[in-house]
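Visitor: Chains as they are written, first to last, in our numbering: chain A, -15 to 148; chain B, 2 to 203.
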Amino acid sequence: MDKPPFSDLVAQHGPAVYRVCRALLGAVDAEDAWAETFLSALRAYPDLPVDANTEAWLVRIAQRKAIDIGRARTRRPVPISSIPDRPSSYQTSVRAEREEVWTAIAALPPRQRQAVAYHHLGGRPYAEVAELIGGTADAARRAAADGIATLRKRLIPEPGKETP
Amino acid sequence: MIENDRALAELAVSDATLARLHQRLEQSAEHAGVLDVAVRTIESPLGQLLLAATPRGLIRVAYQREDHDAVLQALASKVSPRILSAPRRLDDAARQLDEYFAGRRRGFALAVDLELAAGFRRTVLSYLTRIPYGRTESYADVARDAWRPAAVRAVGSACATNPLPVVVPCHRVVRSDGSLGGYLGGLDAKRTLLALEGAAAA
């Protein structure tokens, strides 16, 4: 088996890695983390074993970059809202909904946010999430489930009530 | 919105965001010296062409019928897997090819990387670049020029495996009887190129 061109990895995993970075860091720092992740990955790619799980590898690099960037930014408040893409009239409601989801994710307690980021946004199984955030796979599963429950409460209006 | 877990995994990342991120990666990879192979595609009268360049120069021009995915995989295996779509490194090649197809250019002033051709095949390619625009030579002529008059078949296979068609003009090599011979881009492509150059082609 031959190693695929790096461009395949960017196409296949670029969006998932961005979602993970975005959930961990907010919109502005997410772009730094994404770019640094893929640059590091490109540099190291020739040495990666050919049978390695490339998405797991990229998410691990992204975690390290997110931690570095988070540390460098500790004096600044965590950006929970985002700077929107260039304003456009199309799909504004879709975009607004999306922003609402990101804001709700940013407001989760760190462990829940990380578990949701790695499992639900990055597609990593709970065993790997546990390696990334510490603890057992079951604990990772619970943290993710708690996170999702909180997001549901925030984002889905209860029947009979107006959306806040 | 969060009716099920899939909704989160499908949180769309806008094309504009992905394009911006990719551009940033291209620039930092080039700057860091880890962009071993830059690729892009261009439209041409012969269909979409894939262009690839190492820091040394243009290393590959590929017709669609060669299967661009297969060509990228071959570049990853033979040159380096550090491949990114990075149009800027290929701006010059793209512009010169556009001018050539528009009939405004008769020769290419491009650095080329012949790493994909070895031995006698590489020698043949360097002889091919001496055939002037609008002229043709036979496989036997080229073999004689390369001081291997008996190597007519080897000249044929060098042309058939030319990694830089159009830029290294293997389309200007035809059979001694004037018929077209073969072409890795298909005979229609060869005919189109020779007609573009105003060469008398059979």
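Positions of the beta carbon are idealized from the N, C-alpha and C atoms, including for glycine.
All values reported here derive from a predicted model rather than from experimental measurement.
Whose CA, out of A:A(-5), A:E115, A:L26 and A:P(-1), lies closest to the CA of E15 of chain A?
Guide: A:P(-1)
Visitor: How about F156 of chain A and I43 of chain B: do their beta carbons lie closer than 7 Å?
Guide: Nothing about residue 156 of chain A can be reported from this structure: the residues present for chain A run from -15 to 148 only.
Visitor: Tell me, please, which residues DSSP counts as bridged to I53 of chain A.
Guide: Paired residues: none, contrary to the question.
Visitor: For a cutoff of 7 Å on Cβ pairs, would you count P82 of chain B as touching chain A?
Guide: yes
Visitor: With a threshold of 8 Å, are at least 3 pairs of Cβ atoms found where one atom belongs to the stretch 19 to 34 of chain B and the other to the stretch 148 to 155 of chain B?
Guide: no
Visitor: Give me, in chain order, the residues of the same chain whose beta-carbon lies closer than 7 Å to that of G187 of chain B; leave out the 5 immediate sequence neighbours on both sides.
Guide: Same-chain partners within the cutoff: R66.
Visitor: Counting only beta-carbon separations shorter than 7 Å, does I64 of chain A have a partner in chain B?
Guide: Here the model assigns I64 of chain A a pLDDT of 48, short of 50, so the residue's position is not dependable, and the following value carries that caveat. No, no contact with chain B.
Visitor: What beta strand (DSSP E) runs, 3 residues minimum, are completely inside the stretch 71 to 158 of chain B?
Guide: 84 to 86
Visitor: According to the Cβ coordinates, are L51 of chain B and A63 of chain B closer than 7 Å?
Guide: yes
Visitor: I need the boundaries of the alpha helix (DSSP H) containing A53 of chain B, first residue and last residue.
Guide: Run containing A53 of chain B: none in the alpha helix (DSSP H); it sits in the beta strand (DSSP E), L50 to T55.
Visitor: By alpha-carbon positions, which one of B:V168, B:L22 and B:L117 ends up nearest to L98 of chain B?
Guide: The residue among B:V168, B:L22 and B:L117 with its C-alpha nearest the C-alpha of L98 of chain B is B:V168.
Visitor: By Cβ distance below 6 Å, which residues in the same chain neighbour R61 of chain B in space, the five residues on each side in sequence not counted?
Guide: The residues are A53 and P164.
Visitor: Name the residues in the stretch 61 to 75 of chain B whose C-beta lies less than 7 Å from a C-beta of chain A; which are they?
Guide: L73 and Q74
Visitor: Which residue's Cα is closest to the Cα of A11 of chain A: B:V143, B:S15 and B:R105?
Guide: B:S15
Visitor: Looking only at its own chain, which residues have a Cβ that is under 7 Å from the Cβ of S66 of chain A, when we skip the five neighbours before and after it?
Guide: For S66 of chain A, the pLDDT reaches just 47, beneath the cut-off of 50, and the residue's location in the model is therefore unreliable, although a value from the coordinates is still provided. Cβ neighbours of S66 of chain A within its own chain (closer than 7 Å, five residues either side excluded): G10, A11, E83 and W86.
Visitor: Who are the Cβ neighbours of V156 of chain B in its own chain at under 6 Å, not counting the five residues just before and after it?
Guide: V125, Y140, V143 and A144
Visitor: Would you say A111 of chain A reaches chain B, if we count a Cβ-Cβ gap shorter than 7 Å as a contact?
Guide: no
Visitor: For the beta strand (DSSP E) that contains A0 of chain A, what are its first and last residues?
Guide: First-last for A0 of chain A: F(-10) to L9, but that is the alpha helix (DSSP H), not the beta strand (DSSP E).
Visitor: If you run the structure through DSSP and keep just helix, strand and coil, what is T21 of chain A?
Guide: helix
Visitor: Please report the straight-line C-alpha distance between I53 of chain A and I89 of chain A, rounded to a whole angstrom.
Guide: 18 Å
Visitor: State the DSSP-derived secondary structure class of I45 of chain A, mapped to helix, strand or coil.
Guide: In the structure shown, I45 of chain A sits in a helix (DSSP, three-state: H, G or I).
Visitor: Between A:I51, A:A7 and A:L(-7), which lies nearest to V100 of chain A when the distance is taken from Cα to Cα?
Guide: A:A7
Visitor: Based on DSSP bridge pairs, tell me the residues matched to L59 of chain B.
Guide: DSSP lists B:A54 and B:V113 as the bridge partner or partners of L59 of chain B.
Visitor: Compare the Cα-Cα distances from L117 of chain B to each of B:R57, B:D178, B:Q28 and B:G199 and report the closest residue.
Guide: Ranking B:R57, B:D178, B:Q28 and B:G199 by Cα distance to L117 of chain B puts B:R57 first.
Visitor: From the beta carbon of R25 of chain B, is the nearest beta carbon of chain A less than 7 Å away?
Guide: So, interface residue.
Visitor: In whole angstroms, what separates the C-alpha of V174 of chain B from that of Y101 of chain B?
Guide: 18 Å
Visitor: Could one say the Cβ of Y74 of chain A lies closer than 7 Å to chain B's Cβ atoms, at least one of them?
Guide: Low per-residue confidence applies at Y74 of chain A: pLDDT is 44, beneath 50, and the placement is therefore not dependable, though the value from the model is reported in the following sentence. No - not a single Cβ of chain B is within 7 Å of the one on Y74 of chain A.
Visitor: Assign G182 of chain B to one of two classes, buried (16 or more other C-beta atoms within 10 Å of its C-beta) or exposed (fewer than that).
Guide: Counting the other Cβ atoms within 10 Å of the Cβ of G182 of chain B gives 16 or more, which makes it buried.
Visitor: Looking at C-alpha atoms only, which residue of B:L59, B:P166 and B:A17 is the closest neighbour of R90 of chain B?
Guide: B:L59
Visitor: Is L32 of chain A closer than 7 Å to H(-3) of chain A when the C-beta atoms are compared?
Guide: No; because the gap between Cβ atoms is not below 7 Å, this pair is not in contact.
Visitor: Using 7 Å as the limit for Cβ to Cβ distance, is A53 of chain B near chain A?
Guide: no
Visitor: Against A77 of chain B, what residues of chain A qualify as contacts under a CB-to-CB distance less than 7 Å, listed in chain order?
Guide: D(-14), K(-13), P(-12) and P(-11)
Visitor: Measuring CB to CB, does A112 of chain B end up less than 7 Å from E27 of chain B?
Guide: no
Visitor: What I want to know is whether the C-beta of A63 of chain B ends up closer than 6 Å to one or more non-hydrogen atoms of the ligand ZN.
Guide: Looking at this structure, you won't find the ligand ZN or any other ligand, since it has none at all.
Visitor: Is V174 of chain B helix, strand or coil by DSSP?
Guide: strand
Visitor: Is there a Cβ of chain B sitting closer than 7 Å to that of L23 of chain A, yes or no?
Guide: yes
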